[in-house]
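Shown next, in structure tokens, is the structure this report addresses.
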Amino acid sequence: ILNVEQSPQSLHVQEGDSTNFTCSFPSSNFYALHWYRWETAKSPEALFVMTLNGDEKKKGRISATLNTKEGYSYLYIKGSQPEDSATYLCAFDTGRRALTFGSGTRLQVQP
Amino acid sequence: DTEVTQTPKHLVMGMTNKKSLKCEQHMGHRAMYWYKQKAKKPPELMFVYSYEKLSINESVPSRFSPECPNSSLLNLHLHALQPEDSALYLCASSQEHGRGHQPQHFGDGTRLSIL
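Chains as they are written, first to last, in my numbering: chain A, 1 to 111; chain B, 1 to 115.
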């Protein structure tokens, strides 16, 4: 059983705040680390696929970093907006089976 | 709009009923997946199809029967389900399974309730 953990479980911030969450995963058999955003009543939307140690990826105000040696990834949101409210899921990929998801960080951004 | 379409969006069925969930994608993806997601838990993999062949079955009970009639369609046939099978069932697709660091594209899911 692969252990993929996300923290915090939930987060309430004010509009304009910057925030970050953590995904920790096994440091062996690493192939990729995926980040998804899942808004209520919609489908999970792929944000990033991180593959190399030290990777940094950016999409608008959202960015992510990867440390495969110590087994963690950070997701950052700069200047949070109400439309950023969603559950953010990370998923560990060994390339052999399918994705193992973390339980997610539920972000609520208050206007 | 999602590029993976799932029908129906909601389904209520009795324990003796037979029903099917459907999933369709037209992105030319050759890998398709079924996940089950219970409230406040992460999605859990059920099945993987790669090039229309079942490649992974995560010890799913036989009351769930997947079918991949062609590269664009994935079905999940349901029979004699239990109340604990009530969940959100998500379909996903990707270019290939286990190659190329590609993201999975998800449908909106089918919310299933077993009476």
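Just so you know, even glycine gets a beta-carbon here, dropped at the ideal spot from N, CA and C.
What you are looking at is a predicted structure, and each value in this text was computed from that prediction instead of being measured.
Name the DSSP beta bridge partners of residue i, please?
| i | result |
| --- | --- |
| E5(A) | S24(A) |
| N75(B) | K22(B) and E67(B) |
| F101(A) | A91(A) |
| Q6(B) | C23(B) |
| V48(B) | Y33(B) and I56(B) |
| Q108(A) | H12(A) |
| T110(B) | Y89(B) |
| A32(A) | D93(A) |
| M13(B) | I114(B) |
| S85(A) | Bridge partners of S85(A): none, in fact. |
List, in order along the chain, the chain B residues whose C-beta lies closer than 9 Å to that of residue i?
| i | result |
| --- | --- |
| L89(A) | P42 and P43 |
| S103(A) | K40, K41 and P42 |
Could you check where the beta strand (DSSP E) with residue i kicks off and where it finishes?
| i | result |
| --- | --- |
| S10(A) | S10 to Q14 |
| M50(A) | E45 to M50 |
| K58(A) | E56 to K59 |
| L81(B) | Premise fails: L81(B) is in no beta strand (DSSP E) and is neither H nor E. |
| A41(A) | Segment: none, A41(A) is in no beta strand (DSSP E) and carries neither H nor E. |
| N68(A) | Inspection of the sequence shows that residue 68(A) is occupied by Thr rather than by Asn. No beta strand (DSSP E) contains T68(A), which DSSP labels as neither H nor E. |
Using a C-beta to C-beta distance shorter than 9 Å, which residues of chain A count as neighbours of residue i?
| i | result |
| --- | --- |
| D108(B) | A41, K42 and S43 |
| P8(B) | Those do not exist, as P8(B) stays about 15 Å from chain A at its closest Cβ, beyond 9 Å. |
| Q104(B) | H34, Y36, P44, A46, A91, A98 and L99 |
| Y33(B) | A98 and L99 |
| V48(B) | R97 and A98 |
Does residue i pass the burial test, meaning 16 or more other C-beta atoms within 10 Å, or should it be called exposed?
| i | result |
| --- | --- |
| Q25(B) | buried |
| R106(A) | buried |
| P43(B) | buried |
| S62(B) | exposed |
| Y51(B) | exposed |
| I77(A) | buried |
| L115(B) | exposed |
Does at least one heavy atom of the ligand GTP sit under 7 Å from the Cβ of residue i?
| i | result |
| --- | --- |
| Y35(B) | In the structure on display, the ligand GTP does not appear, and there are no ligands present to speak of. |
Given that residue i touches chain B, what residues does it touch there, using C-beta distances under 8 Å?
| i | result |
| --- | --- |
| A60(A) | A small fix is needed here, since residue 60(A) is Gly in this sequence, not Ala. The contacting residues do not exist; G60(A) stays about 17 Å from chain B at best. |
Using the beta-carbon of each residue, which ones in chain A are nearer than 8 Å to residue i?
| i | result |
| --- | --- |
| Y51(B) | Neighbours of Y51(B) on chain A: none; closest Cβ ~15 Å, over 8 Å. |
| V4(B) | S43 |
By the criterion of Cβ-Cβ separation under 7 Å, what are the contact partners of residue i in chain B?
| i | result |
| --- | --- |
| R97(A) | I56 |
For residue i, go through chain A and note every residue whose CB falls closer than 7 Å to its CB, in chain order.
| i | result |
| --- | --- |
| H101(B) | A32, V49 and T51 |
| G98(B) | G95 and R96 |
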